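Each residue of the sequence shown is one higher than the last, beginning at 54 in our numbering. Glycine included, C-beta positions come from ideal geometry on N, C-alpha and C. Bear in mind that the values here come from a model prediction, so they are computed numbers and not experimental data. Presented below is the structure to which this report refers.
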Amino acid sequence: MEIVSHPLEAMQLSNNFVTSMYRAILSTVIEEHFGHSVVDELFRRFAKKLSKHPIDFEKCKKQMVYHIILKRK
């Protein structure tokens with residue numbers, strides 16, 4: 054078995070990085086539901102909330118183990 058580390062595992066996650074990740078994932082869904090005009094304001098407020106109440110990423114870290122089985126053709 055080969056042990057592979059995740060490229061983001063050792064990275065310090067900043068509030069701006071987290072906001073950008075959420076925006077990349079959710080902006081399309083939010084735009085479709087609420088319209089384009091609210092997206093910028095929503096994520097600006099989210100970034101402001103994170104600056105006041107930062108996420109403790111060390112508590113959120115979980116170890117994941119993947120077992121991948123390859124079948125030869």
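Secondary structure at SER67, three-state DSSP: helix, strand or coil? coil
Helix, strand or coil: how does DSSP classify GLU55 here? coil
How close, in whole Å, do the beta carbons of THR72 and ALA100 come, if the pair is a contact with beta carbons under 8 Å? 5 Å
How many angstroms separate the CA atom of HIS59 from the CA atom of ASP109? Straight-line Cα distance between these residues: approximately 19 Å.
Quick one: what does DSSP say ARG125 is sitting in, helix, strand or coil? coil
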